[in-house]
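Q:
In UniProt numbering, the protein residues as written are 1 to 470.
1. Given residue 152, which residues of its chain have a CB within under 8 Å of its CB, disregarding the five upstream and five downstream residues?
2. Consult DSSP for residue 255 and reduce its assignment to one of helix, strand or coil.
3. Considering only their Cβ atoms, is the gap separating residue 258 from residue 300 smaller than 8 Å?
4. Nearest by alpha-carbon distance to residue 67: which of 136, 22, 21 is it?
5. Please confirm whether residue 434 and residue 306 have their CB atoms less than 8 Å apart.
6. According to DSSP, is residue 438 helix, strand or coil?
7. Is the number of C-beta pairs between the stretch 76 to 88 and the stretch 124 to 140 that are closer than 8 Å three or more?
8. Would you check if the distance between the CB atom of residue 459 and the CB atom of residue 404 is smaller than 8 Å?
9. I'd like the ranges of any alpha helix (DSSP H) spanning at least 4 consecutive residues and lying wholly in the stretch 356 to 439.
10. Does the Cβ of residue 215 have 16 or more other Cβ atoms within 10 Å, making it buried, or fewer, making it exposed?
11. Tell me, which residues are paired with residue 118 by DSSP?
12. Find the nearest neighbour of residue 64 within the set 46, 45, 84, judged by alpha-carbon distance.
13. Please confirm if the stretch 241 to 249 is in contact with the stretch 215 to 227, defined as three or more CB-CB distances below 8 Å between the two stretches.
14. Just to confirm, are residue 384 and residue 412 a CB contact at a threshold of 8 Å?
15. DSSP three-state label for residue 208, please.
16. Would you call the CB atoms of residue 355 and residue 396 closer than 8 Å?
17. Looking only at its own chain, which residues have a Cβ that is under 6 Å from the Cβ of residue 272, when we skip the five neighbours before and after it?
18. For residue 15, count neighbouring Cβ atoms within 10 angstroms of its own Cβ and tell me buried if that reaches 16, exposed if not.
19. Between the Cα of residue 322 and those of 26, 238, 295, 367, spot the shortest distance and give me the residue it belongs to.
20. Check this for me: beta carbons of residue 159 and residue 28, under 8 Å apart or not?
21. Express the C-alpha separation of residue 324 and residue 470 in angstroms, rounding to a whole number.
22. At what residues does the beta strand (DSSP E) containing residue 282 begin and finish?
23. Quick check on residue 467: does DSSP put it in helix, strand or coil?
24. What three-state label does DSSP hand residue 13 in the structure shown?
25. Suppose contacts are defined by Cβ-Cβ distances below 8 Å. Is residue 407 in contact with residue 455 by that definition?
26. Using alpha carbons as the reference points, say which of 35, 91, 20 lies closest to residue 164.
27. What three-state label does DSSP hand residue 353 in the structure shown?
28. For residue 124, count the other beta carbons within 10 Å of its own beta carbon; 16 or more makes it buried, fewer makes it exposed. Which is it?
29. Quick check on this structure: which residue in 206, 36, 243 has the alpha carbon closest to the alpha carbon of residue 175?
30. From which residue to which residue does the beta strand (DSSP E) around residue 186 run?
31. Anyone know if the C-beta pair for residue 126 and residue 113 falls short of 8 Å?
32. Any idea which residues DSSP pairs residue 457 with across the strands?
33. Where does residue 273 fall in DSSP's three states?
34. I need the DSSP call for residue 123, collapsed to helix, strand or coil.
35. Which class does residue 140 belong to by DSSP, given the choice of helix, strand or coil?
36. Which whole-angstrom value describes the C-beta separation of residue 255 and residue 185, a residue pair presumed to lie in contact below a C-beta threshold of 8 Å?
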């Protein structure tokens, strides 16, 4: 894989080589043209010398006509001037034309720049048949060479301009092609920042070594983050499991220890009641003890449901929970909160509602997933009842073949700073951690329009094997 500098210089060198070859070709062509022009100029000068030697017997009009035709035919580097004895110009070179093209403008500029240079000339007399003398002057003219030099400079300039343009185009193409994957790299960096590693995994081979090294570093970083996240998620699952195990242990102790003692106490109270049937005052006390024992037993049963809502785990069996069973638990949970906030006995009136939809393709849920939905609902309803000052709380659960979509919404005071609230205590932060541990998506919204708080979670079923519905 080439380096960026080597890739750019290699193609730029190709363009430079083409420019050198083109300049050499143009130079060779100009050599042929220059040789032909110089030979033509030499022949023109030889023809004029021969013609001047044969001019003496001709009349004035014939001489001037012949010399004018010779001069219009083109003399390189020379101009011919003829004057009579009085100094009147009989034949003079044409004045410089008004500059029109770029070459003419450059020639005029150079002519003005070098007009102070001395002009060399050669003069001699030409006797005429009537005895008069004409003064012939051959004056050196730099116009031809000036235009040739400017034409050569123009050719070199065009070749140089083409070379520069070619280099710029090649460098632009190379740089754009080499840096085109920068958008993918920036997307990968943004994905790492926001916990999305899919853009990093989607990175393809880079066109240059430098970008490929950056992509490799990002892949390595993403791999390390993915591994760290997996370990953290596993640790979070273990913490959740330890909490549930501790709740299960407490539930067993309450059931085994308190349950047996309370049952024995109620039997004893029943026996005393029979023995004290003829003593009303003592019988009333014993019956009160029996009633209190029954209330304690009911409270313990309610506490057992909170500690172990899905019941005890059967050893060696991976239990699954039917969606209908989860529905019964959530209905009982909502009904319990509704009873506590029915507006009687001075208690605040609140409206707790449950909307649960179970798709026909919904499978039996893994125990940990069903327990997570119950714990999320339990915590959310507790927060809404105790802290939100809400009058309406709506719990919604949607179960299909891919995921469980859960949400709780209230019309309470909401949260001023949701990020800070996530850091306080174990309520919202614990709920988010529970969702994250199961590979789910968590969303919290409290923007004041409408007022209140909205919690949403999506828990996928694909993290565990799913049984078909029975």
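C-beta atoms are modelled at their ideal positions from N, C-alpha and C, and glycine is treated no differently.
A: Let me spell this out:
1. 30
2. helix
3. yes
4. 136
5. no
6. coil
7. yes
8. yes
9. 367 to 386, 418 to 423, 428 to 437
10. buried
11. DSSP output for residue 118 lists no bridge partner at all.
12. Among 46, 45, 84, the Cα nearest to that of residue 64 belongs to 84.
13. Between the stretch 241 to 249 and the stretch 215 to 227, the count of Cβ pairs shorter than 8 Å is below three; the stretches do not touch.
14. yes
15. coil
16. yes
17. For residue 272, where only same-chain residues beyond five positions count, the Cβ hits under 6 Å are 286.
18. buried
19. It is 367 whose Cα lies nearest to the Cα of residue 322.
20. no
21. Note that residue 470 scores 35 on pLDDT, short of 50, meaning its location in the model is unreliable; the coordinates nonetheless yield the value given after this. Roughly 12 Å between the two C-alpha positions.
22. Note, residue 282: premise wrong, no beta strand (DSSP E); alpha helix (DSSP H) at 280 to 307.
23. Low confidence applies to residue 467: its pLDDT is 40, below 50, so where it sits in the model is not reliable, and the reading given next is rough at best. Reduced to three states, the DSSP call for residue 467 is strand.
24. helix
25. yes
26. 20
27. DSSP places residue 353 in strand when its eight states are reduced to three.
28. exposed
29. 206
30. That residue, residue 186, is in no beta strand (DSSP E); its alpha helix (DSSP H) goes 182 to 193.
31. no
32. 406, 442
33. helix
34. strand
35. Residue state, collapsed to three classes: strand.
36. With a Cβ gap of about 59 Å, residue 255 and residue 185 do not count as contacting.
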